[in-house]
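J.: Note that the working numbering numbers the sequence shown so that position 202 is 444, with each residue one more than the last. Please find one structure pasted underneath; my questions will follow.
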Amino acid sequence: MIGRLQGILIEKQPPSLLIDVNGVGYEVDAPMSTFYNLPAVGEKLSLHTHLLVREDAQLLYGFYTQTERAMFRSLIKVSGVGAKVALAILSGISAGDFVRCVQEDDTASLVKLPGIGKKTAERLIIEMRDRIKDWGGSASDFVSATSPLQGQARANDPVREASAALVALGYKLPEASRMIQAIGNTADLPTEEIIRAALKGAVA
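If you want it as structure tokens, here you go:
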């Protein structure tokens, strides 16, 4: 099991990263809550990781905090929630809001996230009640979807890259386009900030 990576950030195109660790490039998928705290390309970073082994692939996921990884591991144990949906949840809602949804049986907020239907939302609420305490920290330890950007986006077309990232997280292309259009003026905004604003509007 690969539990941690420390190296140089080579590429970042949500939701994927390429990290150089002593000359070996690791491809890592990460939620937007992690992207908002990445350093600039070419700088050092350290991520907590989870290796998912399937018959046809070995997939590596990276997280800014151990609590974030613990929630991911809890989410993928819920029936109907795979790794892609778990990343979308971590990208679209802060831990504090997720805890509130679970505690208040708020399925209406959860179904706004891509890949989450009513039945899945109900299962999340039921099963996550007992698992929240296993995250290894409180909700406030999470890097939320409203965290300030620390890195700098390197994008030739931020709107197009933001749209592609939203599709990768599970939104349909027309829906992703509407989310971005709802932001208004996106001129001079980096990719990650466009994604952050679009996700914030989607679950408002």
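Backbone N, C-alpha and C fix where the C-beta goes; we use that ideal spot for every residue, glycine too.
1) So valine 295 is in the beta strand (DSSP E); what residue range does that whole segment cover?
2) Count the CB pairs spanning the stretch 406 to 416 and the stretch 430 to 441 that are closer than 8 Å, and state whether there are at least three.
3) Please determine, among Ile261, Ile367 and Leu352, the residue with the shortest C-alpha to C-alpha distance to proline 281.
4) Please state if the CB of alanine 299 and the CB of leucine 411 are separated by a distance shorter than 8 Å.
5) DSSP on aspartate 347, reduced to helix/strand/coil?
6) I'd like to know if the stretch 359 to 376 and the stretch 411 to 427 are in contact, where contact means that at least 3 CB-CB pairs between them fall below 8 Å.
7) Starting from the Cα of glutamate 269, find the closest Cα among Lys254, Lys361, Arg438 and Asn427 and give me that residue.
8) Roughly how far, in whole angstroms, is the beta-carbon of valine 353 from the beta-carbon of alanine 363, given that I think they are within contact range, below 8 Å?
9) Quick one: grab the DSSP three-state call for lysine 254.
10) Is isoleucine 374 near valine 341, with beta carbons less than 8 Å apart?
11) Can you tell me where the beta strand (DSSP E) holding valine 266 begins and where it ends?
12) Roughly how far, in whole angstroms, is the beta-carbon of threonine 291 from the beta-carbon of leucine 302, given that I think they are within contact range, below 8 Å?
13) To which residues of the same chain is lysine 286 closer than 8 Å at the C-beta, ignoring the five residues directly before and after it?
14) Using the Cα positions of aspartate 346 and aspartate 339, report the straight-line distance between them to the nearest angstrom.
15) Isoleucine 358 to valine 344, Cα distance in whole Å?
16) Roughly how many angstroms lie between the CA atoms of serine 316 and proline 273, to the nearest whole one?
17) Can you look up valine 353 in the DSSP assignment and give me helix, strand or coil?
T.: Judging by the given coordinates:
1) 286 to 295
2) yes
3) Ile261
4) no
5) coil
6) no
7) Lys254
8) 5 Å
9) strand
10) yes
11) 266 to 271
12) 6 Å
13) Gln248, Gly249, Ile250 and Leu251
14) The sequence given here places glutamate at residue 346; aspartate does not occur at that position. Cα to Cα, glutamate 346 sits roughly 10 Å from aspartate 339.
15) 14 Å
16) 15 Å
17) coil
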